[in-house]
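Student:
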Amino acid sequence: AMSAIGSNIANVTTNGFKRSDVRFQSVVGAASPPVATAVSGTGSMASPTALSGVRGSIYHRIADQGDIKTTGGELDIAINGEGFFVFRRGLDGDAATVFGRDGQLRRVAGPPITVGNQNGEELISNRGYLADKNGHFLQGWPVKSDGTFSTDAQSMTSVRVDPLAFEADGSATTALTLAVNLPADDTGGLPRRHGLEFFDGEGARRQLLASFAKSDVNTWSLTMTGGPSEQVTLSPPLPLQFTAGGEINGPANYAVTVAHVDGSISAFNLDLSASTQFAGDYSVHVNRSNGHPPGSLDSVEFDRKGYLIGRFSNGIARPLYRLPIADFANADGLTPLDGNVFAMNAYSGGTTFHPAGEAGVGSLVPGAVEASNVDLADQFTRMIMTQQAYNSSATAFRTLDELLQTTRDLKG
-12 AMSAIGSNIA NVTTNGFKRS DVRFQSVVGA ASPPVATAVS GTGSMASPTA LSGVRGSIYH
48 RIADQGDIKT TGGELDIAIN GEGFFVFRRG LDGDAATVFG RDGQLRRVAG PPITVGNQNG
108 EELISNRGYL ADKNGHFLQG WPVKSDGTFS TDAQSMTSVR VDPLAFEADG SATTALTLAV
168 NLPADDTGGL PRRHGLEFFD GEGARRQLLA SFAKSDVNTW SLTMTGGPSE QVTLSPPLPL
228 QFTAGGEING PANYAVTVAH VDGSISAFNL DLSASTQFAG DYSVHVNRSN GHPPGSLDSV
288 EFDRKGYLIG RFSNGIARPL YRLPIADFAN ADGLTPLDGN VFAMNAYSGG TTFHPAGEAG
348 VGSLVPGAVE ASNVDLADQF TRMIMTQQAY NSSATAFRTL DELLQTTRDL KG
């Protein structure tokens, strides 16, 4: 009993720790020396004793949840409700799968790998993984580029968070919006110009120059020029026309095709429908486009659904993994292991895996951890009671011994 209490007190500040309680049972008699046996249905063990009158049993309070503490850490996550994080004790395929509630994670280095840089040089780098403080590797379901993922146990893998694991490919521009004000009192002198940026099929930045020249009353011609030897085509090849009130009057959407020197083609839609012809200066109100350059992984963080979100250097954010939550019919029956994790056994029953918040498993709280479920005041109370019980038993045995000695002396 004192050993269990001491362990509870020592781990009162250990995130996700689950306390153990000791209960004593009376034993009427035993025909043979007692042995350590499992307490039916609990996964707990009855301690062996030299006397057949009392037996102590350890009950692991694994299903009792600790308080949720906010930390703000980008790699901290807590389960609010039933279930366990899934870990493996190594990176090889034979490593044991274990389960835990400590969601205070950190980056750890994996095996070294050889990579090439932009200059063609070979460099030695390391894979990076998420693990708990005891080195157990967090498991997750990889999320595909279309947002789907498999939820079976075989699809789980150790969660990688190094820049070599993920890249955000470049995306070509397909739509560009430009809104300008063309001066109503323009006399048809120098054209009004504005530079446009777009991305080709490889995500490389490209430049165009849009030129507006007044050709008639309320009418402006539009021409587009690219880089040296690039051919730019506008369709339809019509001018911009405005009403007397300065609003667009007629087509204002153009299909732009750019033939690059390397033989590649860029094509996107140019929307000028928000342009105006009001009195005043030439100005640009809107200039935006889709598409983006390639990017490397900068940082990761969890969301409430258990997705690990990767943020890339090009501003793109997308889910990389989703965390499986392991559920057991009898969580108190799990076997506690060193390192604040648990193993499945016959008393816990088999496990099922679900996304957070589904099928009865708990939800996730990013930027928080679960405290231990140890009540320090209760443990000190139990310590005092155990000590008093020991003292009382010792006194009883001492008194019995004295009586036996007195009886022996009287008989002599």
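Using my numbering, you'd call the opening residue of the sequence shown number -12 and step up by one each time.
Note that beta-carbon positions come from the ideal geometry of N, C-alpha and C, so glycine has one too.
Who are H279's beta bridge partners in DSSP?
Tutor: Per DSSP, the beta bridge partners of H279 are S158.
Student: Give every residue of the same chain whose Cβ lies closer than 6 angstroms to the Cβ of G53, excluding the five residues on either side of it in the sequence, and list them in chain order.
Tutor: If we look at G53 and ignore the five residues flanking it on each side, its Cβ neighbours are E357, A358, S359 and N360.
Student: Measure the CB-CB distance between R291 and L351 and report whether it falls below 7 angstroms.
Tutor: yes
Student: Taking A192 and P280 to be in contact with their CB atoms under 8 angstroms, please state how far apart those CB atoms are, rounded to whole angstroms.
Tutor: For the record, residue 192 in the displayed sequence is Arg; it is not Ala. Contact check for R192 and P280: beta-carbon distance about 6 angstroms, within the 8 angstroms limit, so the pair qualifies.
Student: Mind the definition here: the stretch 79 to 87 touches the stretch 46 to 62 only if three or more C-beta pairs lie below 8 angstroms; say whether that holds.
Tutor: Taking a contact to require three or more Cβ pairs closer than 8 angstroms, the stretch 79 to 87 and the stretch 46 to 62 do not qualify as touching.
Student: Based on DSSP bridge pairs, tell me the residues matched to K201.
Tutor: For K201, which the question treats as bridged, DSSP gives the partners W207.
Student: With respect to the beta strand (DSSP E) encompassing A254, which residues constitute its N-terminal and C-terminal limits?
Tutor: Per DSSP, A254 belongs to the beta strand (DSSP E) from I252 to D258.
Student: According to DSSP, S145 sits in a beta bridge with which residue or residues?
Tutor: Q126
Student: Just mark R147 as buried or exposed, buried being the case when its beta carbon has 16 or more other beta carbons within 10 Å.
Tutor: buried
Student: Beta carbon of K201, beta carbon of G232: below 7 angstroms?
Tutor: No, these two residues do not count as a Cβ contact at 7 angstroms.
Student: Pick helix, strand or coil for T57, following the three-state DSSP scheme.
Tutor: strand
Student: Could you check if I371 is buried or exposed, using at least 16 other CB atoms within 10 Å of its CB as the buried criterion?
Tutor: exposed
Student: Determine which residues share a DSSP beta bridge with H181 and list them.
Tutor: A197
Student: Let me know the secondary structure DSSP gives S335 once reduced to three states.
Tutor: coil
Student: How long is the line joining the alpha carbons of R76 and G122, rounded to whole angstroms?
Tutor: 7 angstroms
Student: Rounded to the nearest angstrom, what separates G60 and G297 at their Cα positions?
Tutor: 15 angstroms
Student: Taking DSSP as the reference, what is the three-state secondary structure of D8?
Tutor: Under the three-state reduction of DSSP output, D8 falls in the strand class.
Student: To which residues of the same chain is A239 closer than 8 angstroms at the C-beta, ignoring the five residues directly before and after it?
Tutor: L227, D258, L259, S260 and S262
Student: Can you grab the Cα-Cα spacing for the pair A354 / D319, in whole Å?
Tutor: Here the sequence assigns Gly to residue 354, which means Ala is not the residue at that position. G354 and D319: Cα-Cα distance of roughly 27 angstroms.
Student: Quick test of your reading: S411 and Y46, contact by CB under 8 angstroms. State the CB separation rounded to the nearest angstrom.
Tutor: Limits of the chain in this structure are -12 at one end and 399 at the other, which puts residue 411 out of reach.
Student: Can you find at least 3 beta carbon pairs, one from the stretch 112 to 127 and one from the stretch 144 to 161, that sit closer than 8 angstroms?
Tutor: As far as the Cβ criterion goes, the stretch 112 to 127 touches the stretch 144 to 161, which means the pair count is three or higher.
Student: Which of the three DSSP states, helix, strand or coil, is assigned to E357?
Tutor: strand
Student: Considering S(-10), what are the terminal residues of the beta strand (DSSP E) in which it resides?
Tutor: Unbroken run through S(-10) is the alpha helix (DSSP H), M(-11) to A(-3); no beta strand (DSSP E).
Student: Counting pairs of beta carbons, one from the stretch 146 to 165 and one from the stretch 324 to 342, are three or more of them closer than 8 angstroms?
Tutor: no
Student: To the nearest angstrom, report how far apart G28 and F4 are at their CA atoms.
Tutor: Residue placement at G28 is flagged as unreliable, the pLDDT there being 47, under the threshold of 50; the coordinate-derived value follows with that caveat. Roughly 22 angstroms separates the two Cα atoms.
Student: Give me the Cβ distance between G70 and V348, rounded to the nearest whole Å; I'm assuming they're in contact under 8 angstroms.
Tutor: The distance from the Cβ of G70 to that of V348 is about 4 angstroms, consistent with a contact at the 8 angstroms cut-off.
Student: Counting along the chain, where does the beta strand (DSSP E) carrying N2 start and finish?
Tutor: Unbroken run through N2: none, as it is neither H nor E.
Student: For V245, does the count of other Cβ atoms within 10 angstroms reach 16, so buried, or fall short, so exposed?
Tutor: buried
Student: Note the first and the last residue of the continuous beta strand (DSSP E) segment covering T244.
Tutor: N240 to A246
Student: Less than 7 angstroms between C-beta atoms, sequence neighbours within five positions excluded: which residues of the same chain meet that for A330?
Tutor: V85, L321, T322 and L324
Student: DSSP three-state call for L387: helix, strand or coil?
Tutor: helix
Student: Determine which residues share a DSSP beta bridge with P223 and list them.
Tutor: DSSP lists no partner for P223.
Student: Evaluate Q264 with the Cβ neighbour count: other Cβ atoms within 10 Å of its Cβ, from every protein chain shown; 16 or more gives buried, anything less gives exposed.
Tutor: buried
Student: Please state the DSSP three-state secondary structure of L363.
Tutor: helix
Student: With a CB to CB cut of under 6 angstroms and the five nearest residues on each side skipped, what residues in its chain are close to T164?
Tutor: D258, V273 and R275
Student: Are the CB atoms of L225 and G213 nearer to each other than 7 angstroms?
Tutor: no
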